[in-house]
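Heads up, the thing below is written out as structure tokens.
Residue numbers (my numbering), protein chains in the order written: chain A, 1 to 383; chain B, 384 to 706.
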């Protein structure tokens, strides 16, 4: 039932372990080459830039083909919902057959083209669901339909984006249903906390039972997102403003159990970072750092009397000083943690691109002294 | 599969000895968890917050704190940062300094930021460069190029390139780059083309002569994108479209050839995307009638399909070149 060769998918991870050992000089170059031959990956799994290119051009080709066929062949049928449904189903089947054919013959694995075909096929199936129900069902039912469409696709193709889609649809369904009743609105955050925890442990259980690496990316994606939703569900800002939003209040008011949420907002990020460091789990660590930043912003939003620029200086100073201290402290590794780079490949070239964003443009904004226009810092996603 | 399965397989196939297998097991069991990149990212965030906060404070209090005090303060920070960086610098080499230590390159970076603040302040308060804004941007560019080579720092190099393009009035930051060409100015487009191509050539030269050849990526990325976008802007907005089409085509061919030689798909992707945009524009520009929907969709259908097939085969093409 899996679309890609499971053994080869496993070997992708195995080869990266072998490469890592080679870099750490645990294996000689010849040994690593032999090991890679013993763990073959015959997939066409190109480098990231090619994937981006393949994805873009495959998508253009799919969209223009569908547009052409729709206008010149099925134009009259498309008027009615049932006609729309039938045509969509036809597209989905055609795209699905093409996807399977290309995976079999070209040995694609997440190479951009198969991703584009998969998403287009799922989109067509979803249009089919829209058409056959005449666009009349409530939103949460369409979310459940999305879960029904996406789940088999996840088990067959193991695509992390599809997994994220399933989780998002489930959570949106929960939100809509809870917001319908008064009780639901009161217990909203608690339910979301419980749902996130349950999903996390279900996926962990699945991960432990499952020997294969086929779903590893799906599992990590869902676990990471559920860690984030767990935090957000208990975050004071989200709960307070969300409460105002679903109760149609113009200004947000103090919420019940406020103390509990203060505690949650303050403690959970630290707990994530602690667990991440303790268990050497990078996902916990990174989610924890992001959550810490959100928590700081939350508390500043409600309690700070400082001006924006002084807030920025204070946080900046505290951050720089503490990070510098940590780096010095961890120069010798303690508790199995080190501040020295792992000898895996470093993203230096991309780091340089990010740095270029912090140069203020004096020539173009001659009347504006430098500062002010620093490009947001941190993680830019467009590279 | 766990790593023990791999070592079992390798021992069984007699690729590694039992002894080496044990070494690997010990190494994996005692492996350190490196939080190097996380710390680095947070440090960037801190430095950015700090310097942008100070920028605003200085701007708002420019009349209440004495100018001399402020200038002295910023200069002091700037000098202190550069001093720290100089004290901890590694011996100069034309190759790559592989040892990464966090603090000295951050001191260098902070020093550069402080220098920019200082210069901006002087310009704002004392009109140091008058209306010669280009000169105001050229000075940090020259300084940063020097520092980038001395300290072997790609980040400072990219700051230098950015400052250099500001000096001719172009924002090179990818998201902003397109906006600057709204002016439809031939002069600006020509400047951008010249700078872009020279940057790319500098990159090629440093690789060819083995002088800091790891700077190649930064040079080619910035220079290439600048040149391509300038050529496209010329194609879209100016007369003599043929010239700009030829420039784009030449650039694209050079990048394809380079991608084949370096086996780098980023250059290939740049060539394909910019080339495709230029080709599409020129085809629809030259058809005198309003192109009908049918033609447009057929064009995209076949051209995009063709490019996809090409990209699917490209690995073979590139591999063939190597062997």
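Note that CB positions come from ideal geometry on N, CA and C, so glycine has one too.
Collapsing the DSSP output to three states places residue 43 of chain A in coil. Distances from the CA of residue 432 of chain B to each of A:321, A:338 and A:313 were compared; the closest alpha carbon is that of A:313. Checking the DSSP bridge columns, you'll see residue 416 of chain B partnered with A:337. When DSSP states are grouped into helix, strand and coil, residue 117 of chain A belongs to the helix group. In this structure, residue 200 of chain A keeps its C-beta atom at 8 Å or more from the C-beta atom of residue 158 of chain A. The stretch 201-221 of chain A makes no contact with the stretch 231-249 of chain A, as fewer than three CB pairs between them are under 8 Å. The criterion of a C-beta distance shorter than 8 Å is not satisfied by residue 54 of chain A and residue 451 of chain B.
Assignment of beta strand (DSSP E) within the stretch 2-70 of chain A, counting only whole runs of 3 or more residues, yields no such run. Between residue 338 of chain A and residue 417 of chain B, the beta carbon gap of about 5 Å places them in contact (Cβ cut-off 8 Å).
Look at residue 406 of chain B: its C-beta is under 8 Å from a C-beta on chain A. In this structure, DSSP gives residue 330 of chain A a state outside helix and strand, which the three-state scheme calls coil. Neighbours of residue 31 of chain A across chain B, judged by C-beta separation under 9 Å: 393, 398, 399 and 403. The beta carbon of residue 435 of chain B falls within 8 Å of a beta carbon belonging to chain A, placing the residue at that interface. Pairwise C-beta distances place the stretch 137-152 of chain A in contact with the stretch 166-174 of chain A, as three or more of them are shorter than 8 Å. Not a single unbroken stretch of the beta strand (DSSP E) spanning 3 or more residues falls wholly within the stretch 617-652 of chain B.
If you draw a straight line from the Cα of residue 584 of chain B to the Cα of residue 574 of chain B, it is about 15 Å long. Contact between residue 265 of chain A and residue 295 of chain A holds: their C-beta atoms lie close to 5 Å from each other, under 8 Å. At a cut-off of 8 Å between beta carbons, residue 419 of chain B contacts chain A. C-alpha of residue 642 of chain B to C-alpha of residue 34 of chain A: approximately 29 Å in a straight line. DSSP, reduced to helix, strand and coil, places residue 584 of chain B within a helical segment of the structure shown. Secondary structure note for residue 395 of chain B: its alpha helix (DSSP H) is the uninterrupted segment 386-395. When the beta-carbon positions are compared, residue 464 of chain B and residue 438 of chain B stay at least 8 Å from each other.
When DSSP assignments are scanned along the stretch 106-168 of chain A, the uninterrupted stretches of alpha helix (DSSP H) that are 4 or more residues long and fall wholly within it turn out to be 113-132 and 139-157. The criterion of a C-beta distance shorter than 8 Å is satisfied by residue 261 of chain A and residue 236 of chain A. At a cut-off of 8 Å between beta-carbon atoms, residue 684 of chain B makes contact with chain A. For residue 291 of chain A, no CB of chain B lies under 8 Å from its own CB, so it is not counted at the interface with that chain. Leaving aside the five residues that flank residue 252 of chain A on each side, the residues in its chain whose CB is nearer than 6 Å to its CB run, in chain order, 240, 241 and 244.
The beta carbon of residue 615 of chain B sits closer than 7 Å to those of 631, 657, 660 and 661, all from its chain and outside the five residues before and after it, given in chain order. For the pair residue 685 of chain B and residue 66 of chain A, the Cα-to-Cα distance works out to about 13 Å.
When 9 Å is used as the limit between beta carbons, residue 46 of chain A is near these residues of chain B: 648, 694, 695, 697 and 698, in chain order. Of the other Cβ atoms in all chains shown, fewer than 16 fall within 10 Å of the Cβ of residue 40 of chain A; this residue is therefore exposed. Against chain A, the CB of residue 576 of chain B has no partner CB under 8 Å away; the residue lies outside that interface.
Taking a cut-off of 8 Å for Cβ pairs, the stretch 129-138 of chain A and the stretch 101-111 of chain A do not touch, as fewer than three such pairs fall below it.
Judged by their CB atoms, residue 212 of chain A and residue 163 of chain A are not nearer to each other than the 8 Å cut-off. Think of a sphere of 8 Å around the beta carbon of residue 310 of chain A: the chain B residues whose beta carbon falls inside it are 436 and 440, in chain order. At a cut-off of 8 Å, the C-beta of residue 180 of chain A has no neighbouring C-beta in chain B.
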